[in-house]
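Structure first, commentary second.
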Amino acid sequence: MSTKCKYSHLLPLFLDGGMSNSEHDDFTSHLDECKDCSESLNGLTSIEQMLEQYNRQEPLVEILYAYQTRLAKHFPITNRFVAAWRRISNSWNWIWDYHPRMMTIARASAFVFIGVLIGRFVFYTPVNEPEMLASNAEIMILAPDSKDVHLVNEFFTQSEILLLAIKHTDENSSAQQTSDLKFEKQLAQNLLFKSQQLQENMIVLQDQELKAFLEKLELVLLEISNTEDSEIRYIFTELKKIINNTKMVNQSKQIQKKIEKLI
Amino acid sequence: MADKDKRLVKQAQNGDRSAFGLLVKRYRMQVLYLAFDIVGNYDDAQDVAQETFIRAFTRLHQYEDRAKFSTWLYRITVNLALDTHRKKKRSRQDALDTRVREVEALSIREEFEGAHPDERVEQNELRKVLEDGLDKLTENQRTATVLKYFHQKSSKEIAEIMGCAESTVRIHIYRALQNLKNTINY
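These protein sequence lines map, in sequence, to chains U and G.
The first sequence finishes on residue 269 if you use the numbering used here, and the numbering steps up by one all the way, no holes.
The second sequence finishes on residue 295 if you use the numbering used here, and the numbering steps up by one all the way, no holes.
Given below as structure tokens:
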């Protein structure tokens, strides 16, 4: 080392950052005291800075082109996707070479799977298979076709008419003819039949609000259906109270709106 | 990076030339620059770089993944570049001509890139001063310096590339800096 200091042999290690923390601290303290070492270090650090600023000349374009062409002749640089595909193919071949039985099983399974898929689409036709008409709707109607949705809609429309008729029943009024009341009784019987028909046709209404409403409605319908003609006016006035208290007309309207969204 | 290299090397060792092609693509410029930094001109550097890849491919079975692939490749490059530097004594005029052409091309490029003229002169002067200084170093000092400052290799990696101890590398670099300081008279 060119400096006269006995610790100057540590300069290469210090420059390289190869000292432990304590060694580094000790040598830094030494540098504060030793002029030889600190001058030497300053000079070398300046050269280091120059080297770090060095920008190499870039090759001429023609040299670069010639170089890359020469390399490409020896080592064709393929597209990475092509190379990836080749690697997959190679690994496939490897499996084939070393595990022929496994490959036979894999091929047979693939063959059967494809056969089943083709069979499913070519030969199988769904017979009355319930179809999800509106999976995201609050009311889910599992029905074979859209006719049933209309049936449900019609059912609730007629129910609302009946409920309104009951709501407007006046015990003392003569405006409401007995024939009207009889017609409404018939409508109730009809609706009761339709309600059963809907259930027989496997129309499932998966909505708690709707289920509760239907239960109440069926009770009303049963009550009207089983009442003698002479007592209809009386039973209507009784049911009117229940309908008003339970706000069945409003519920019916809300349910109809839901169903309309499905159509 | 190193894991990907190992995977590609393994595929290349199994005869997949395109996997080696990807390694070439990844390291072609680094190898060319390292060769240039040792031999001093791009005409020889590209010969060295091409030879490096051919040798690496033919001796790929000798590579053990204890060291990084790039380290192994750098080692081949350094050895070939030093051989070229020693054996192939190109005429000074040829080298000078190449250098002049390269400097001219660089000037044109920098003009297009909008570098300030003063900055260009400064960069060219710095480059010339350093290259003259590096030319006067011993092979080992030059190699160690180039690897450390131009290729950002650690002393440990340089030791692996040059096949010597880490402490020896530190001494080479220390001496190189001292010699450069004396040459440049900084």
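Virtual Cβ for every residue (Gly too), placed ideally from N, Cα, C.
Computed from a prediction, not measured in an experiment: that's the story for all the values here.
Counting of Cβ neighbours within 10 angstroms places G/L256 among the buried residues, the total reaching 16 or more. Ranking G/V133, G/I270, G/E234 and G/I280 by CA distance to the CA of U/F20 puts G/I280 first. Secondary structure at U/Q63: coil, using DSSP grouped into helix, strand and coil.
Put simply, the CB of G/K115 is far from chain U, with every gap to its CB atoms at 8 Å or more. If you ignore the 5 residues before and after G/L132, its C-beta comes within less than 6 Å of the C-beta of L117, all in its own chain and listed in chain order. Boundaries of the alpha helix (DSSP H) harbouring G/M271: S264 to M271, taken from the DSSP string. For the options G/E266, G/K113, G/D156 and G/K115, the alpha carbon positioned closest to that of U/L70 is the one of G/D156.
Taking each of U/Q55, U/G24, U/M25 and U/L47 in turn and checking the Cα distance to U/S14, the smallest one comes out for U/L47.
Within chain G, no C-beta atom comes less than 8 Å from the C-beta of U/E29; the nearest is roughly 14 Å away. U/I120 and U/W91 have their C-alpha atoms some 24 Å from each other. Listed in chain order, the non-local C-beta contacts of U/F219 below 8 Å within the same chain comprise M254, Q257, S258 and I261, local neighbours out to five positions each way being set aside.
Boundaries for G/N150: no alpha helix (DSSP H) harbours it, and the DSSP string shows neither H nor E there.
Interface flag for U/A72 against chain G is set, since a Cβ pair is found closer than 8 Å. In the structure shown, U/M25 adopts coil according to DSSP, grouped into three states. Taking 8 Å as the CB threshold, G/Y258 lines the interface with chain U. Sequence-ordered contacts of the segment 36-50 of chain U with chain G read G49 and L50 [C-beta pairs closer than 7 Å]. The beta-carbon distance between G/T186 and G/V140, rounded to whole angstroms, is 5 Å. This is short enough to meet the 8 Å contact definition. The beta carbons of U/I172 and U/I238 sit about 10 Å from each other, so the pair does not count as a contact at 8 Å. Chain U places no beta carbon closer than 8 Å to that of G/G149, leaving this residue out of the contacts. Cα atoms of G/L289 and U/E68: separation of roughly 33 Å, rounded to the nearest angstrom. Of all residues in the segment 157-174 of chain G, those with a C-beta nearer than 9 Å to a C-beta of chain U are A158, Q159, F162, I163 and F166, reading in chain order. Its chain contains V255 as the residues whose beta carbon lies nearer than 7 Å to that of U/L170, once the 5 sequence neighbours on both sides are disregarded; these appear in chain order.
Setting aside the 5 residues that flank it on each side, U/L245 is surrounded in the same chain by I172, V226 and E229, each with a C-beta closer than 7 Å to its C-beta; the list follows chain order.
Per DSSP, reduced to three states, the secondary structure at U/C40 is coil, with no helix or strand assignment.
The beta carbons of U/K222 and U/T252 sit closer together than 8 Å. Chain G places a beta carbon closer than 8 Å to that of U/D22, counting this residue as a contact. The shortest C-alpha to C-alpha distance from G/R164 to any of G/D174, G/C273 and G/A190 is the one to G/A190. Residue environment: G/R284 is assigned as buried (16 or more neighbouring CB atoms within 10 Å of its CB, all protein chains considered). In this structure U/F127 is not in contact with U/L187, their Cβ atoms being roughly 57 Å apart against a cut-off of 8 Å.
With a contact defined as Cβ atoms closer than 8 Å, U/L37 and G/L239 miss out at about 26 Å. Check the Cα spacing between G/D114 and each of G/E173, G/L143 and G/S264: the tightest is with G/E173.
Leaving aside the five residues that flank G/A268 on each side, the residues in its chain whose CB is nearer than 8 Å to its CB run, in chain order, A274, E275, T277 and V278.
The residues S258, I261, Q262 and I265, in chain order, have a CB closer than 8 Å to that of U/F162 in the same chain once the five nearest residues on each side in sequence are set aside. Following the DSSP letters along the chain, one finds U/G121 inside the alpha helix (DSSP H) bounded by residues P106 to F129. Per DSSP, reduced to three states, the secondary structure at U/K173 is helical.
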